[in-house]
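Read the structure below first, then the notes.
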């Protein structure tokens, strides 16, 4: 019809670089939800469509200036979106980390489109979550009475995890729903669709020769300006045993000692980032999984890795 516009949009996921040997750092597309709103004062919904898979599809909106919102891999069904009738209403919607799946992370993009402009667009799809990668890990107990002892029964997990995130937000992330509040809560972790999102075990002992587990854990952003009881900083915890005694090595991600001095920006966890750690454990850790270690206990190299474009997928409207 004369009053209908059709568009072609190239979906362009933004993935982390850094040499991961598997698909954990990447995110495929199972389905996408496409909302088109009028770009005026009210920003009311014009059209909506659910698209299964990542192949080309067709959809349309009425003519005029529009705002297109693309959400990939959400846990919402088509019925769950029925109450959305404006851009502001969609902006208030949240995602839950427990519904995320490794390799199929929730991603979003917002585009302004015009009926008098081109009808081919590129949508940079950004994940809600960020990755915390353990690239390598080793011990160096030189000069200590336990020199040469391995770290055994090793677990790695995230604590004080922000597990709820507004779909379209890009900054100002204070934790709203916290999982693993200062300790590993396996009852909560077991409720995750993919427990490997925030908890892993390392099968081999850790010694002076570095191992390269290339483990990536995921969480939603947490860039709160200061740490409080209701807004704790997210930590990467390494748990293990030395001579049969359990120790914890909680590393506050991109904060304090493990912020700027270790290669980060010191602002906590942003959206769609990758924090990659090369870790050397130098002595016994703490006796509490919520007491952060210092640079005397653990040294790390933690570059905030750049992001790189990969091949696009095409969704035609």
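Numbering (this note's numbering), first residue to last: 73 to 389.
Heads up, the beta-carbon is just placed ideally off N, CA and C, and yes, glycines get one too.
- Residue 277 sits away from residue 352, with the two beta carbons spaced by 8 angstroms or more.
- Out of 110, 282 and 254, the CA that lies nearest to the CA of residue 358 is found in 254.
- The beta carbons of residue 330 and residue 363 sit no closer together than 8 angstroms.
- In the structure shown, residue 173 adopts extended strand secondary structure according to DSSP, grouped into three states.
- Under the DSSP assignment, residue 113 falls outside any beta strand (DSSP E); it carries neither an H nor an E label.
- From the listed residues 175, 147, 168 and 167, the smallest Cα separation to residue 86 is found for 175.
- Per DSSP, reduced to three states, the secondary structure at residue 136 is coil, with no helix or strand assignment.
- With respect to the 8 angstroms criterion, residue 133 and residue 118 are classified as neighbours on the basis of their beta carbons.
- Across the set 101, 206, 111 and 273, the C-alpha of 206 shows the shortest separation from the C-alpha of residue 348.
- A contact is defined here as three or more CB-CB pairs under 8 angstroms, and the region 192-208 fails this definition with respect to the region 243-258.
- For the 8 angstroms CB-CB criterion, residue 167 and residue 181 do not form a contact.
- Using a Cβ distance threshold of 8 angstroms, residue 138 and residue 157 do not count as a contacting pair.
- Every beta strand (DSSP E) of 3 residues or more that sits fully in the region 173-251 is shown, in chain order, as 179-185, 192-199, 202-211, 224-231 and 236-238.
- Counting along the chain, the unbroken alpha helix (DSSP H) around residue 260 starts and ends at 258-261.
- In this chain, the alpha helix (DSSP H) harbouring residue 159 covers 159-163.
- In this structure, residue 231 lies away from residue 293, with their beta-carbon atoms at least 8 angstroms apart.
- In terms of CA proximity to residue 84, 99 leads the group 75, 99, 78 and 215.
- Using a 10 angstroms sphere on the CB of residue 172, the tally of other CB atoms reaches 16 or more, which defines it as buried.
- Excluding its 5 nearest sequence neighbours in each direction, residue 355 has C-beta neighbours in its own chain below 7 angstroms: 213, 216 and 369, listed in chain order.
- Our two residues, residue 107 and residue 270, have alpha carbons roughly 31 angstroms apart in a direct line.
- Spatial neighbours of residue 102 in its own chain (CB-CB distance under 7 angstroms, excluding positions within 5 residues in sequence) are listed in chain order as 145 and 176.
- Residue nearest to residue 116 within the set 78, 81, 163 and 227 is 163 (criterion: CA-CA distance).
- Shown here, residue 342 sits in coil according to DSSP, grouped into three states, outside any helix or strand.
- The shortest CA-to-CA distance from residue 303 to any of 287, 284 and 251 is the one to 251.
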